[in-house]
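Those sequence lines, one after another, are chains A and B. Heads up, the first sequence is in the working numbering, so the first residue is 722 and it goes up one at a time. Heads up, the second sequence is in the working numbering, so the first residue is 46 and it goes up one at a time. Positions of the beta carbon are idealized from the N, C-alpha and C atoms, including for glycine. Keep in mind it's a predicted model, so treat the numbers as computed, not measured.
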Amino acid sequence: MPIIDGIGRRGALSLAGAAALAGKAHAQNPTEVKIAMLVPLSGPWARSGLLEQMGARMAIDDVNAAGGIQALGGAKLRLMEFDAGDSAEKAKDAAQRMISQEPDLAGGFGCWHSGFTLAATEVTERAELPWLTLSYSDLITGRGFKFVFQSSPTAISQAEELLPIIVDLATRASGTRPTKVAVVGSNNPAVTSFLKPIREHVLKDLNLTLVADEIFTAPLADATSIVQKLRSGKPDFVLVQSDNVGDDKLLLEKFAEFGLSAKKMPLVGGGGHWCVPELIKLTAPENLEGLIVGLADWPGKAAADIDKRFVKRTGEPWFGHDSIFAYAHVMILKEAIERGKSADRRKVAEILRTIDITSGPATLFPDGRLAYDEKGRRKGAKICIVQYRNGKPVPVYPDSIATGEAFWPKTS
Amino acid sequence: MRIGTAENLRRDLTILLCLVVIYLGFAWLVPNSYFQLILTLVPIWAAFGVSWNILSGYGGQLSFGHASFFGIGGYSMTLALVYWNLTPWLGIPLGVIMGAVAAVIIGTPTFRLRGHYFALSMLAYPLAILYFMQYFGFQEVSLPMHREAPAAYLEFSDPRYYTLVAVGLLAVSVIVCILVENSRFGLALLALRQNELAAEAAGIDTKAWKMRALIVSGMIAAGAGGLYACVQLVVTPDSVFGLLVSAQPVVMTLFGGVASLWGPLIGAAFLIPLSKLLDAYAGDYLRGIQGVVYGAAVIAIILAAPDGLFWTFRDRFFKPKASAPLPAPEPIAKGAIAPAASGVPLMNVEKLSKSFGGLRAVSDVSFSIAEGEILGIIGPNGAGKTTLFNVLNGVLAADAGSATLGGATMLGKKVHQVCHMGVGRTFQVVRSFPRLPLIDNVIIGAYGAGLSDHDAAAEAIRALHRTGLADQAGVPAGQLTNKQLRLMELARALAGRPRLLLLDETLAGLGREECDDVLNVLDRLRQEGMTIGIIEHTMHAMMRIADRFVVLDHGAVLATGRPRDVVEDRSVIEAYLGKKWLAKQDA
Chain A
722 MPIIDGIGRR GALSLAGAAA LAGKAHAQNP TEVKIAMLVP LSGPWARSGL
772 LEQMGARMAI DDVNAAGGIQ ALGGAKLRLM EFDAGDSAEK AKDAAQRMIS
822 QEPDLAGGFG CWHSGFTLAA TEVTERAELP WLTLSYSDLI TGRGFKFVFQ
872 SSPTAISQAE ELLPIIVDLA TRASGTRPTK VAVVGSNNPA VTSFLKPIRE
922 HVLKDLNLTL VADEIFTAPL ADATSIVQKL RSGKPDFVLV QSDNVGDDKL
972 LLEKFAEFGL SAKKMPLVGG GGHWCVPELI KLTAPENLEG LIVGLADWPG
1022 KAAADIDKRF VKRTGEPWFG HDSIFAYAHV MILKEAIERG KSADRRKVAE
1072 ILRTIDITSG PATLFPDGRL AYDEKGRRKG AKICIVQYRN GKPVPVYPDS
1122 IATGEAFWPK TS
Chain B
46 MRIGTAENLR RDLTILLCLV VIYLGFAWLV PNSYFQLILT LVPIWAAFGV
96 SWNILSGYGG QLSFGHASFF GIGGYSMTLA LVYWNLTPWL GIPLGVIMGA
146 VAAVIIGTPT FRLRGHYFAL SMLAYPLAIL YFMQYFGFQE VSLPMHREAP
196 AAYLEFSDPR YYTLVAVGLL AVSVIVCILV ENSRFGLALL ALRQNELAAE
246 AAGIDTKAWK MRALIVSGMI AAGAGGLYAC VQLVVTPDSV FGLLVSAQPV
296 VMTLFGGVAS LWGPLIGAAF LIPLSKLLDA YAGDYLRGIQ GVVYGAAVIA
346 IILAAPDGLF WTFRDRFFKP KASAPLPAPE PIAKGAIAPA ASGVPLMNVE
396 KLSKSFGGLR AVSDVSFSIA EGEILGIIGP NGAGKTTLFN VLNGVLAADA
446 GSATLGGATM LGKKVHQVCH MGVGRTFQVV RSFPRLPLID NVIIGAYGAG
496 LSDHDAAAEA IRALHRTGLA DQAGVPAGQL TNKQLRLMEL ARALAGRPRL
546 LLLDETLAGL GREECDDVLN VLDRLRQEGM TIGIIEHTMH AMMRIADRFV
596 VLDHGAVLAT GRPRDVVEDR SVIEAYLGKK WLAKQDA
């Protein structure tokens, strides 16, 4: 070993020191910063995951085209994609894999489906990885976790906010106040959270009678008996709380078959899946006409440019709920890294806990503010309402994003 | 423990210890938390496989719904933690108790069914429970985090500790399985797997053993489910009660080797890493392809090794060891053998009847068998001979009449209870336990009669000597000739120290010389004072062996008496050969 002998012990030490220094320099100014996306890319919820993927990839490209992360010497932002699959345990396994394969993640977001998010955040929380989510369930931020940030209004607040708006809308548009409501929904955690306050007090507060209450396990095989029961209750409107595109289509077509299409019977859906573009391809557009959807975010005028570029880039007919959230989450993580001047996950989490801005990524939400409370819920998160008009969802509430006036189908 | 299993016990425990040490040594070197998760899941699923193997592998009671127990273990632990803040260290044992309770509740109605019906009914339970869980709002329950005292709540930041606990659980399960395998429990299960009726006739209370097997199995499965929920951090009905969960132990055990101690371990060690690694790597290239590759791999290996990897390898690479010579029979204890022929009736049958709808299979049959006598029961096909035996040993219930053995009634009892009264029975079609050595096939009869381990071994050895099978004691029953199998059945019946043997066509399908060998054995038994009722078609054999004949025709007794007299009886000749033949003889 003449070479090593020649260098000697002192030489070896200085070499090691140099390597350590190089490592430190690397940590100070990484050439790239990794963030993770864990969404369903296979299985029944894959379509929503793919829409998130499109939004996220576009955001990454936008960041890198604008010079990367300035605070870190223009380091490129890199998206690590993971498939949450079709069950909570697959999502949890994937989260475990993500944590072990990518030890230097700065943060991440997902998993669209509340059940998957609940499972995956059990892992990300233990790894102290800041995690952003669009999932609605209140349980997600009800566990005392410190590293989970929920950008949507939670299911309970959506429920409390949505029905008064709908009743008000109906009264204004039709001249009579609705008194009877029917509910159909899956039993996933987000829907369960959503329906709980409705059953407990919202209906009573609004003097509404629940004439039918049909809960099923997704995916649905047949909707005939459900729709029959709903119809026999003769409701003034129906809350349709399904949780995936396939079930949406099945329910809509069954409603139409029984003469209850959204034109005749006001249907109020909930969740981003009601506004994924292929719903319009899967079912006849007239089945969707007039359908009202409550969801957690929708692009308004502030996102018009992103909207246009997204449609051009992806060929999708519009930039919707799932994509704008993914876009926003990438931008929020980027903002946090810039502000903390660090890609360290704990630093990123610290910034997210204290950030309170009304510019940049905050403009991607209808209320225009980005701040999270001590539970990790976004302060002032508001529900958005869109309505299908001529085969396209048109935002009608709140005013900050509305481009059209809502109408109430005439019940015969 | 059974006599002669000490060596097996030592060997299996040594292998287990080595496996545990090697596995933990390997696991300690793996820092990656995803691979560590795989290493934790392997022993958990293996323990679940071991549990299924006890009921369905050894006992042959195919269950497609073992997820019931797995899920009950998982949910008991989780709900106790969420609502009572009960640490999983106690929650898992609580789940194990719940598993035992569930086994009793599920087993009581379901063991009334057999075969496919049993398998399919078992499938219904987890699916039903799954909907209950959803109904009660337990779609997804996450385990609360305990940051202040993680280890006290079975929460580890170093995932290797989970592996340690999982290996501990598996070791306990395997030890339970070793104890079962090497005791009368295991033999009883193997016996009822091969043929429930034969097992019952050998005196085994199959219903009770099945229930015990289900309880043990349910407890282990619940333990595995509890730990699984701990590792997964979240339970959903689908993840613990789902169809795939029920399929998991079946697939793993079939893959590794059914009714072998190591089968489920081999299956889990191959399949769990395969599916998880496919999820991790193949799924990144082509979403969903992992399921296809996994299915193809399972099919390929099952085709190449249809009995499971363990048995295929064992049969190919290990020749069974030549067994040690059988010790000489112990001197017969006083009172263990029946007194010599005395002419006193041992069994009395009075006006026994049994109908199937309009068909009177047995009609007003009366006869008796004296102590030390060989009674031949003959008659044309369909005369009701086998039905008569089935009524006598409790397989069928009599419609009318009485039957007593030494004064005690034999009717209205279960098969194994009749056996306990001292009635040994063989069947028209031999039922053996092919993978078991001859001696184990025979010892089942002794256990069935309720003998202690020591007496059972001694009695089995004696029975082998009495039937001339002493040299084949260590040969698996699957390698015996037809004659040896017939004698084996006879030995199994003898091992239970019967007072009366009911032999159903023991000579069927044997050549003349083989026939003589068996007859010589029966002759010897008579000299020893055994009382025998035998159904047989081979007339020359019957003429040689029987002291007396009872002739049945259309379910009724046609004639009784000494063989020579009976065969010359006109009505008997008519029954066998027809009126025309008789007329020709007369002419």
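Out of curiosity, what's the CA-to-CA distance linking residue i and residue j?
| i | j | result |
| --- | --- | --- |
| A:A840 | A:E810 | 7 Å |
| A:K745 | A:D825 | Residue confidence is low: A:K745 scores 44 on pLDDT, short of 50, so the model does not pin down where it sits. Its coordinate-derived value is still stated next. Going from the Cα of A:K745 to the Cα of A:D825 covers about 14 Å. |
| B:L237 | B:L58 | 26 Å |
| B:V338 | B:V75 | 26 Å |
| B:V279 | A:K985 | 43 Å |
| A:L742 | B:A91 | Caution is warranted here: a pLDDT of 43 is assigned to A:L742, below 50, making its placement in the model unreliable, and the coordinate value is therefore given only provisionally. Rounded to the nearest angstrom, the two C-alpha atoms are 48 Å apart. |
| A:P987 | A:V1014 | 11 Å |
| A:R920 | B:F183 | 18 Å |
| B:S101 | A:V1115 | 59 Å |
| B:E573 | B:F478 | 28 Å |
| A:P1130 | A:F1040 | 26 Å |
| B:L555 | B:L564 | 11 Å |
| A:L973 | B:I334 | 32 Å |
| B:A491 | B:A448 | 24 Å |
| B:A378 | B:G136 | Low confidence applies here, because B:A378 scores a pLDDT of 49, under 50, leaving its location unreliable; read the following figure in that light. B:A378 and B:G136: Cα-Cα distance of roughly 52 Å. |
For a contact defined as C-beta to C-beta under 7 Å, what are the partners of residue i on chain B?
| i | result |
| --- | --- |
| A:W934 | Per the sequence shown, residue 934 of chain A should be read as Asp rather than Trp. Simply none; closest approach about 13 Å. |
| A:E843 | S187, L278, V279 |
Is it right to say residue i is buried, meaning 16 or more other beta carbons lie within 10 angstroms of its own, or is it exposed?
| i | result |
| --- | --- |
| B:F355 | buried |
| A:F1155 | Any question about residue 1155 of chain A goes unanswered here, given that chain A covers just 722 to 1133. |
| B:L348 | exposed |
| B:A502 | buried |
| B:M584 | exposed |
| A:D1026 | exposed |
| B:V66 | exposed |
| B:E200 | buried |
| B:C63 | exposed |
| A:H834 | buried |
| A:A748 | In this prediction, A:A748 scores a pLDDT of 49, lower than 50, which makes its location untrustworthy; no coordinate-derived value is stated. |
| B:T153 | exposed |
| B:G119 | buried |
| B:N130 | exposed |
| B:H499 | exposed |
Have a look at the DSSP bridge pairing and note the partners of residue i.
| i | result |
| --- | --- |
| B:P154 | For B:P154, which the question treats as bridged, DSSP gives no partner whatsoever. |
| B:N393 | B:S413, B:T449 |
| A:A1092 | A:D1077 |
| B:L420 | B:G578, B:R593 |
| B:C222 | None, per the DSSP bridge assignment. |
| A:D677 | Not covered by the structure: residue 677 of chain A. The range shown for chain A is 722 to 1133. |
| B:L532 | According to DSSP, B:L532 bridges with nothing at all. |
| A:L988 | A:V959 |
| A:F830 | A:M758, A:L853 |
Please compile the residues from chain A whose C-beta is within a distance smaller than 9 Å of the C-beta of residue i.
| i | result |
| --- | --- |
| B:T281 | S808, A809, E810, G836, A840 |
Taking residue i as the query, report the chain A residues whose CB atoms sit under 7 Å from its CB, ordered along the chain.
| i | result |
| --- | --- |
| B:N77 | S821 |
Identify the contact partners of residue i in chain A, using a Cβ-Cβ distance below 8 Å as the criterion.
| i | result |
| --- | --- |
| B:Q12 | Nothing can be reported for residue 12 of chain B, as the shown portion of chain B is limited to 46 through 632. |
| B:Q179 | N908, T938 |
At a cut-off of 7 Å, is residue i close to the ligand NAD when judged by its beta-carbon and the heavy atoms of the ligand?
| i | result |
| --- | --- |
| B:G490 | Of the ligands one can find in the structure shown there are none, so the ligand NAD has no counterpart to examine. |
For a contact meaning CB atoms closer than 9 Å, what does residue i contact in chain B?
| i | result |
| --- | --- |
| A:K1033 | What A:K1033 touches in chain B: nothing, since even the nearest Cβ is about 26 Å away. |
| A:R864 | S187, P189, M190 |
Can you pull the chain B residues whose beta carbon is under 8 Å from the beta carbon of residue i, in chain order?
| i | result |
| --- | --- |
| A:T854 | Result: empty, since nearest Cβ-Cβ is about 14 Å, beyond 8 Å. |
| A:R799 | By Cβ distance, chain B contributes nothing, its closest Cβ being about 15 Å from A:R799, past 8 Å. |
message: Give the list of continuous alpha helix (DSSP H) stretches no shorter than 4 residues that lie fully inside the region 278-341 of chain B.
response: 282-286, 288-301, 308-322
query: Fully enclosed by the region 893-920 of chain A, which beta strand (DSSP E) runs are 3 residues long or longer?
result: 901-907
- request: List in chain order: all unbroken beta strand (DSSP E) runs of 3+ residues lying wholly within the region 163-225 of chain B.
  value: none
field: beta strand (DSSP E) runs wholly inside the region 456-485 of chain B, at least 3 long, in chain order
entry: 468-470
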